[in-house]
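All remarks here apply to the structure that follows.
There are 2 protein chains.
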Amino acid sequence: MRAASQQMDLVFGALADPTRRAILARLADGEATVNELVAPFELSQPTISKHLKVLEGAGLVSRGRNAQFRPVRLNAKPLAEASRWIGDYRRFWDESLDQLEAYVKDLQAKGEPS
Amino acid sequence: MRAASQQMDLVFGALADPTRRAILARLADGEATVNELVAPFELSQPTISKHLKVLEGAGLVSRGRNAQFRPVRLNAKPLAEASRWIGDYRRFWDESLDQLEAYVKDLQAKGEPS
DNA sequence: CATCTATATTGCTAAATAGAGATATATCAA
DNA sequence: TTGATATATCTCTATTTAGCAATATAGATG
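Chains G and R supply the protein sequences, listed in that same order.
If you're matching positions, the first sequence starts at 5 in the working numbering and goes up one per residue.
If you're matching positions, the second sequence starts at 5 in the working numbering and goes up one per residue.
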């Protein structure tokens, strides 16, 4: 099994490209053929196929078979891991520092809240 | 102002490297000097400095000044954006397939385009 | 079979990246 | 001032990446 950290490298690396994020956004509306994914971009078909390979390597899409089509569908599971990783930093952004300090003091004073 | 999409390229690109993720994890415990960040790795100081530049370019860390030290501290705000982006896909992983299908059917019943 | 369509693969180039060692700069301390 | 420490910058190399055009393959259809 691939180390979790390597998997994160692949997932975040895949998300680092705007074309690939746009492909995922498109796939959120349902599966698509490669040509359907090529259409909105001014990029060649081989280039999109390469992006799809990166997404597939990260586990973010999977491919089917339907005659000469290889429909692409979203597989969001790896995003759950990525979300969890980022979530560990939530306390650093969703409260101002003062509020965070107050919150921590409140925790210490009262015990476990929601 | 930098386009939001470019900012995401930088943030996800920064997170795609395990050394940089480890640096952020370390900074969650408080600010650190460059040498303190070098110590846990078998990487040279210039290499860590380069990673810090990438993190700074993504807005994920900021630098202070204290004598000859340039303390590095976490700036998690850009992670909020990244989290929001990923969050748009939450419904694809935090519900069972049956529930997802029900959700899609519900959308279709309400006339939401696919 | 011949051909058309969908997609993958190959081979290339240019640019970006991670890493190193050497050296420069800035500040402190004696 | 001299030297020590912290960090940045320069220059180089190897690897990876995004992109393209050309070509190969797989399946449908005339």
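Where is the CB? At the ideal position from N, CA and C, for every residue including glycine.
The alpha-carbon separation between residue 39 of chain G and residue 77 of chain G amounts to approximately 14 Å.
Residue 82 of chain R counts as buried, since no fewer than 16 other beta carbons sit within 10 angstroms of its beta carbon. If you ignore the 5 residues before and after residue 16 of chain G, its C-beta comes within less than 8 Å of the C-beta of 86, all in its own chain and listed in chain order. Residues of chain G whose Cβ lies closer than 8 Å to the Cβ of residue 53 of chain R do not exist; the shortest such Cβ separation is about 21 Å. Uninterrupted alpha helix (DSSP H) stretches at least 4 residues long and entirely within the stretch 20–47 of chain R occur at 22–31, 38–42, given in chain order.
Contact of residue 81 of chain G with chain R is assigned, a C-beta pair being separated by under 8 Å. Under DSSP, residue 66 of chain G shares a beta bridge with G/77. Nearest C-alpha to residue 94 of chain R among G/79, G/63, G/93, G/94: G/79. Using a 10 angstroms sphere on the CB of residue 62 of chain G, the tally of other CB atoms reaches 16 or more, which defines it as buried. Flagged as an interface residue toward chain R: residue 16 of chain G, by a C-beta distance shorter than 8 Å. Separation of the CB atoms of residue 27 of chain G and residue 47 of chain G is rounded to 11 Å, and the pair is thereby denied contact status at 8 Å.
Residue contact with chain G for residue 86 of chain R: present (Cβ-Cβ distance below 8 Å to some residue of chain G). Close to residue 22 of chain G, with beta-carbon spacing below 7 Å, are these residues of chain R in chain order: 9, 13.
For residue 32 of chain R, the chain G residues whose C-beta falls within less than 8 Å of its own C-beta are 92, 93, 96, listed in chain order.
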